[in-house]
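**Q** Residue numbers (my numbering): -7 to 244.
One structure, as structure tokens, below. Some questions next.
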Amino acid sequence: MFAICNLSIVPLRIEASDRSEIVSQILFGEHFEILEHNKQWSKVRLHFDDYEGWIDSKQYQLISEEHYQMLCKEATILNFDLVEYITAKTTLLPITLGASLSFLNYSEINTENYEFEGLKISGVKPKSHLINTAYMYLNAPYLWGGKTPFGIDCSGFTQMVYKLNGYQLLRDASQQATQGDVLSFIEESEPGDLAFFDNEEGNIIHVGIMLENNYIIHASGKVRIDRLDHLGIYNAELNRHTHRLRVIKKII
């Protein structure tokens, strides 16, 4: 079975329980395959990044495989306002930055006759656009599994910034670290490159976006800007390093 998210934000959980950890979110308009299904819960795989998890079976709209394949081939069109509204005759539905609008022109899928008059973004943008997009999330509170300006985690932040500019990143920091090309020195990096950080066991646990002059924008407590040196992220407010640098990668 196949489906599309017809609500603003749907939590994607690691297990089939309302008490289970939220590992990601599905934003309005995203489409996915249903791998398992029962009356209350469905295990799904997102088309965009192949991420899997459980969602409430009441929180999506079923679509045909034909329509799913149509959406897979359709150009990605995303909301580019922090918050906008999808409207219909009897509906006013708020959606967040990065919600997908690609299905609106398909009457077979858009059964509610939703309309959207806000700012859209589509296509591949120059690498320089990544930073302005990243600034749109500045001060967004940290939320494990989050993907919106109202709560976002480190890899959700990098994934959404890249997605809004037409590039595909995987969901988790450890997965994103498998993409792109390794840079030998911080000095080789450009604004928009990704810096990854590990823990004492050597596991990648954090990611941020490089800025000019050895600064980095990343989600830690909130989306913030800090200094980066060869040791890692230096938080001037705490007067210490908070994350240990592992590698810098050029994705585009």
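Beta carbons: idealized from backbone N, C-alpha and C, even for Gly.
(1) Leu89 and Gly45: beta carbons closer than 8 Å?
(2) List the endpoints of the continuous beta strand (DSSP E) containing Phe(-6).
(3) Here's the rule I'm using: 16 or more other beta-carbon atoms within 10 Å means buried, otherwise exposed. How should Cys64 be labelled?
(4) Quick check: what's the CA-CA separation for Phe24 versus Arg232?
(5) In or out: Ser99 buried (at least 16 other Cβ within 10 Å) or exposed?
(6) Starting from His29, trace the beta strand (DSSP E) both ways and give me its first and last residue.
(7) Distance check for Ile1 and Gln17, CA to CA, integer angstroms please.
(8) What do you reckon, are the CB atoms on Leu175 and Lys81 nearer than 8 Å?
(9) Consult DSSP for Leu63 and reduce its assignment to one of helix, strand or coil.
(10) Just to confirm before moving on: does the CB-CB distance between Ala(-5) and Ile14 stay below 8 Å?
(11) Tell me which same chain residues have a C-beta within less than 6 Å of the C-beta of Ala169, skipping the five on either side of it?
(12) Provide the residue span of the beta strand (DSSP E) that contains Ile123, from first to last.
(13) Just how far apart, CA to CA, sit Val36 and Ser120?
(14) Which residues in the same chain as Glu22 place their Cβ atom closer than 6 Å to its Cβ, once the five residues preceding and following it in sequence are excluded?
(15) How many angstroms separate the CA atom of Pro183 from the CA atom of Ile240?
(16) Give the secondary structure of Gln17 by DSSP, where H, G and I count as helix, E and B as strand, and everything else as coil.
(17) Determine contact between the region 140 to 157 and the region 218 to 227, defined as no fewer than three beta-carbon pairs at a distance below 8 Å.
(18) From which residue to which residue does the alpha helix (DSSP H) around Leu156 run?
(19) I'd like the list of long-range same chain contacts for Lys112, defined as Cβ closer than 8 Å, with 5 residues on each side in sequence excluded.
**A** Reading from the atomic positions:
(1) No, these two residues do not count as a Cβ contact at 8 Å.
(2) If you look at Phe(-6), you'll find it in the beta strand (DSSP E) that goes -6 to -4.
(3) Cys64 should be labelled exposed.
(4) Approximately 42 Å between the Cα atoms of the pair.
(5) Answer is exposed; the Cβ neighbour count stays below 16.
(6) Element bounds for His29: 23 to 29.
(7) About 6 Å.
(8) Not in contact: Leu175 and Lys81 (Cβ atoms no closer than 8 Å).
(9) Helix at Leu63.
(10) No. Outside cutoff.
(11) Contacts found: Phe188, Ile196.
(12) Membership of Ile123 in any beta strand (DSSP E) is not indicated; the residue belongs instead to the alpha helix (DSSP H) covering 121 to 127.
(13) Within the model, the alpha-carbon separation for Val36 versus Ser120 is close to 34 Å.
(14) Excluding sequence neighbours, Glu22 sits near Cys(-3), Ser92.
(15) Taking C-alpha positions only, Pro183 is separated from Ile240 by approximately 11 Å.
(16) Per DSSP, reduced to three states, the secondary structure at Gln17 is strand.
(17) No, they do not touch.
(18) Residues 146 to 156.
(19) The residues are Ile69, Leu70, Asn71, Phe72, Leu93.
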